[in-house]
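> Take a look at the following structure, please.
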Amino acid sequence: MATSICPPSSTALAEPAPPADPTLPLHEASQKLVRECPAPAKAPAAPAPSPPAPTVSIVPGYRPGILARTLEMHMDYYYERLGWGLVFETGLGASLADSLTRLDKPGNQVWAAVMTTPSQDPQAPAVERVVGVVYIDGGIMKMEGVARLRAFIVDEAARGLGIGKKLMSAAMEFVREFGFRECHLTTMRELVAARRLYEREGFKEAGEKWSDRHGNGVQELAYVWRRSDEV
5 MATSICPPSS
15 TALAEPAPPA
25 DPTLPLHEAS
35 QKLVRECPAP
45 AKAPAAPAPS
55 PPAPTVSIVP
65 GYRPGILART
75 LEMHMDYYYE
85 RLGWGLVFET
95 GLGASLADSL
105 TRLDKPGNQV
115 WAAVMTTPSQ
125 DPQAPAVERV
135 VGVVYIDGGI
145 MKMEGVARLR
155 AFIVDEAARG
165 LGIGKKLMSA
175 AMEFVREFGF
185 RECHLTTMRE
195 LVAARRLYER
205 EGFKEAGEKW
215 SDRHGNGVQE
225 LAYVWRRSDE
235 V
């Protein structure tokens with residue numbers, strides 16, 4: 005009887021080769037056995053490499069498009085939830101544009117959380133996108149030593165990554181180092197996560213009022229940080 009010459013495989017080990025046909029010459033029987041042997045199992049393909057992980061940097065100063073991106077994030081959030089439209093967008097846009105014109109004066113700054121996603125193509129540049137902002141305006145209150153924290157927001161797709169905490173830390177480090185004695189902000193009672201960040205940095209609730217200046221009304225909260233509270 006001819007001996008099987010199948011290459012080793014799990015199938016060949018589990019199922020013995022059929023006996024050679026005694027009516028065939030030995031070399032033909034061997035060739036027939038080879039033809040009847042199952043093909044060796046293919047090794048599984050290697051998994052595709054994971055895409056490079058994005059990184060987030062907190063970058064101070066003006067960058068092209070920061071006003072437009074700030075408005076876009078605010079409209080994405082407030083229009084969907086409160087229906088704030090034209091009045092809110094134009095009012096906020098004009099006010100923030102005014103803040104940006106003061107960036108060349110001491111006591112004013114803006115920070116952007118920039119998410120950088122490397123390209124899987126080594127020849128292509130990385131993609132940068134602003135996913136959060138915060139402004140410190142040292143002139144809007146028109147009182148020496150008093151600033152306002154404004155337009156703090158994180159893109160909904162980037163929440164839960166600690167970006168808000170990093171933005172607030174950068175802004176309040178600036179407030180403390182510049183020597184402001186007070187910093188004010190306005191928020192809403194519903195924004196619980198943001199309020200926790202404010203309170204973590206030393207802001208305290210200082211009043212509230214009902215406001216419908218943008219359309220649908222909300223309960224606005226005033227918060228104040230005072231240097232004297234940290235002494």
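The opening position of the sequence shown corresponds to residue 5 in our numbering, with each subsequent residue numbered one higher.
Built from N, CA and C at the ideal position, the CB exists for glycine as well.
How about Ala151 and Ile140: do their beta carbons lie closer than 8 Å?
Residue 151 sits at position 147 when you count from the first residue of the sequence shown. Residue 140 sits at position 136 when you count from the first residue of the sequence shown. Yes. Within cutoff.
> Note the first and the last residue of the continuous beta strand (DSSP E) segment covering His78.
For the purposes of this step, residue 78 is taken as residue 74 along the sequence shown, with counting starting at 1. Here His78 belongs to no beta strand (DSSP E); instead the alpha helix (DSSP H) covers 70 to 86.
> Answer with buried or exposed for Asp108, where buried requires no fewer than 16 other C-beta atoms within 10 angstroms of its C-beta.
Translated into the one-based positions of the sequence shown, residue 108 becomes position 104. Answer is exposed; the Cβ neighbour count stays below 16.
> Whole angstroms is fine: what's the gap from Trp229's alpha carbon to Glu132's?
Taking the first residue of the sequence shown as 1, we reach residue 229 at position 225. Taking the first residue of the sequence shown as 1, we reach residue 132 at position 128. Roughly 33 Å between the two C-alpha positions.
> Return the residue from the list Lys213, Leu165, His218, Ser232 that minimises the CA-CA distance to Leu225.
Start at 1 with the first residue of the sequence shown, and residue 225 comes out as number 221. Leu225 has its Cα closest to that of Lys213, out of Lys213, Leu165, His218, Ser232.
> Where does Ala101 sit, in a helix, a strand or coil, going by DSSP?
Position 97 of the sequence shown, counting from 1, holds the residue named residue 101. Three-state result, Ala101: helix.
> What residues are listed by DSSP as bridge partners for Tyr227?
Counting from 1 along the sequence shown, the entry for residue 227 is found at position 223. Its beta-bridge partners are Leu189, Glu209.
> Give, in chain order, every unbroken run of the beta strand (DSSP E) that is at least 3 residues long and sits entirely within the stretch 139 to 195.
Counting whole runs of 3 or more residues, the stretch 139 to 195 contains the beta strand (DSSP E) stretches 150 to 158, 186 to 192.
> Would the stretch 151 to 161 count as touching the stretch 174 to 193 if we require 3 or more Cβ pairs under 8 Å?
The stretch 151 to 161 is in contact with the stretch 174 to 193.
> Does the distance from the CB of His78 to the CB of Leu96 come in under 8 Å?
Numbered from 1 along the sequence shown, position 74 holds the residue referred to as residue 78. Numbered from 1 along the sequence shown, position 92 holds the residue referred to as residue 96. Yes.
> If you draw a straight line from the C-alpha of Arg85 to the C-alpha of Gln223, how long is it?
Along the sequence shown, read from residue 1 onward, the residue named residue 85 stands at position 81. Along the sequence shown, read from residue 1 onward, the residue named residue 223 stands at position 219. When rounded, the distance between both Cα atoms is 14 Å.
> Under a Cβ-count criterion, where at least 16 other Cβ atoms within 10 Å of its own Cβ denotes burial, should Thr94 be classed as buried or exposed?
To locate residue 94, count along the sequence shown from 1; it is residue 90. Counting Cβ neighbours within 10 Å, Thr94 comes out exposed, since fewer than 16 surround it.
> Using CA atoms only, rank isn't needed, just tell me which of Glu203, Met192, Arg199 is closest to Asn220.
Position 216 of the sequence shown, counted from the first residue, corresponds to residue 220. For Asn220, the nearest C-alpha among the options comes from Met192.
> Rank Val60, Val135, Ala162 by C-alpha distance to the C-alpha of Ile1 and give the top, closest one.
Not covered by the structure: residue 1. The range shown for the chain is 5 to 235.
> My assumption, with CB atoms under 8 Å, is that Val137 sits in contact with Thr74. Please give the rounded CB distance.
For the purposes of this step, residue 137 is identified with residue 133 of the sequence shown, where counting begins at 1. For the purposes of this step, residue 74 is identified with residue 70 of the sequence shown, where counting begins at 1. Their Cβ separation, rounded to whole angstroms, is 5 Å, which keeps Val137 and Thr74 in contact under 8 Å.
> With a cut-off of 8 Å on the beta carbons, I'd call Ala116 and Arg163 a contact; round off their distance for me.
Within the sequence shown, the letter at position 112 stands for residue 116. Within the sequence shown, the letter at position 159 stands for residue 163. That pair is no contact at about 16 Å.
> In whole angstroms, give me the CA-to-CA distance for Pro110 and Gly149.
Stepping through the sequence shown from its first residue, residue 110 is reached at position 106. Stepping through the sequence shown from its first residue, residue 149 is reached at position 145. Cα to Cα, the separation comes out at about 11 Å.
> Just to confirm, are Tyr81 and Gly89 a CB contact at a threshold of 8 Å?
Here residue 81 is taken as the residue at index 77 of the sequence shown, counted from 1. Here residue 89 is taken as the residue at index 85 of the sequence shown, counted from 1. No, Cβ-Cβ distance for Tyr81 and Gly89 is not below 8 Å.
> Can you look up Ser123 in the DSSP assignment and give me helix, strand or coil?
To locate residue 123, count along the sequence shown from 1; it is residue 119. Reduced to three states, the DSSP call for Ser123 is coil.
> For Thr7, count the other beta carbons within 10 Å of its own beta carbon; 16 or more makes it buried, fewer makes it exposed. Which is it?
As a first step, residue 7 must be located in the sequence shown, where it is residue number 3. Bear in mind that the predicted position of Thr7 carries a pLDDT of just 42, short of 50, making it too unreliable to give a figure here.
> Apply the 10 Å Cβ neighbour rule to Glu205 and answer buried if 16 or more other Cβ atoms are within range, or exposed otherwise.
Your numbering for residue 205 matches position 201 in the sequence shown. With 16 or more Cβ atoms within 10 Å of its Cβ, Glu205 is classed as buried.
> Please state whether DSSP places Ala198 in a helix, a strand or coil.
As a working note, residue 198 is residue 194 in the sequence shown. The answer is helix: DSSP assigns Ala198 an H, G or I state.
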